[in-house]
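Before any comments, here is the structure.
2 protein chains.
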Amino acid sequence: MGTFMDVHHGFQGITNEQLREAHEKDLAHEKSEGVHFERAWADPESGVVYCLSTAPSADAVQRVHEKAGHRADEVHPVPVTV
Amino acid sequence: MGTFMDVHHGFQGITNEQLREAHEKDLAHEKSEGVHFERAWADPESGVVYCLSTAPSADAVQRVHEKAGHRADEVHPVPVTV
Chain H
1 MGTFMDVHHG
11 FQGITNEQLR
21 EAHEKDLAHE
31 KSEGVHFERA
41 WADPESGVVY
51 CLSTAPSADA
61 VQRVHEKAGH
71 RADEVHPVPV
81 TV
Chain B
1 MGTFMDVHHG
11 FQGITNEQLR
21 EAHEKDLAHE
31 KSEGVHFERA
41 WADPESGVVY
51 CLSTAPSADA
61 VQRVHEKAGH
71 RADEVHPVPV
81 TV
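Written out as C-alpha cells, the structure is:
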C-alpha cells in the first residue's frame, strides 16, 4: 500500500456539498480496489481538486475515480512525506 | 485564515530527508507571516511536491517559501474540503 495524490481540473465553482457528494461516490466504490480516499481539497476559482488516498497502485486509484464518474487528470504516488 | 495547497515542480529524486529539511526551513520562516505548513507530499519520479498550509493569504504562503529558498510554482486557496 502506498500514498497517492491525484489531481482533477475543471471544477470551477465547486461547492462543499458537491465535493462531499463526489467524495462519497469514491467511498462507495473504493473497497473493491483496496483504496481509501482520505481527504480532498478544492479551489473553486481555478477548478483544481486534490485527492489524498492510500491504495495498492495509481491504477487502482484511477479505477475508483472512473467508477465514481470523475477520472483524475494526474495520479502521483507520493512515497516521500512530512 | 484559510487553507492552501501549493505545488512545486522539479524535485526529481527527492528523499524523505531532503523533504524534511525543506519543510523545516518553511517552519523556521512561517511565524512572521502567520503561516503554518502542516504536511507535504512528494513524488520523486515526476518531481512534484504538494504542501498543505493554513495561512492568511496565498501571498503569505509564497513569501515563506521564498524566504526558505524554494518558491512555489502554484499556490491555491482550497476553501472547499472533505
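In order, the protein sequence lines correspond to chains H and B. The UniProt record's numbering puts the first residue of the first sequence at 1, with every later residue one more than the last. The UniProt record's numbering puts the first residue of the second sequence at 1, with every later residue one more than the last. No residue lacks a Cβ here, since even glycine has one placed at the ideal position from N, Cα and C. If you're wondering where the values come from, they're calculated on a predicted model, not measured in any experiment.
Between the beta-carbon of Glu38(H) and that of Leu52(H) there is about 5 Å, and that keeps the pair under the 8 Å contact cut. Within the same chain, Gly47 come within 6 Å of Gly10(H) by CB-CB distance, once the 5 residues on both sides are set aside. Residue contact check for Val78(B) against chain H: a CB pair falls below 7 Å.
Each of Ala42(B), Lys25(B) and Ala55(B) was checked against the Cα of Pro77(B), and the nearest Cα belongs to Ala55(B). In the displayed model, Ala22(B) falls within a helix according to three-state DSSP. Under the DSSP assignment, Arg63(B) falls in the alpha helix (DSSP H) whose first and last residues are Ala58 to Lys67. Using a C-beta cut-off of 8 Å, the segment 56 to 63 of chain B makes contact with the segment 30 to 37 of chain B, since at least three inter-stretch Cβ pairs fall below that distance.
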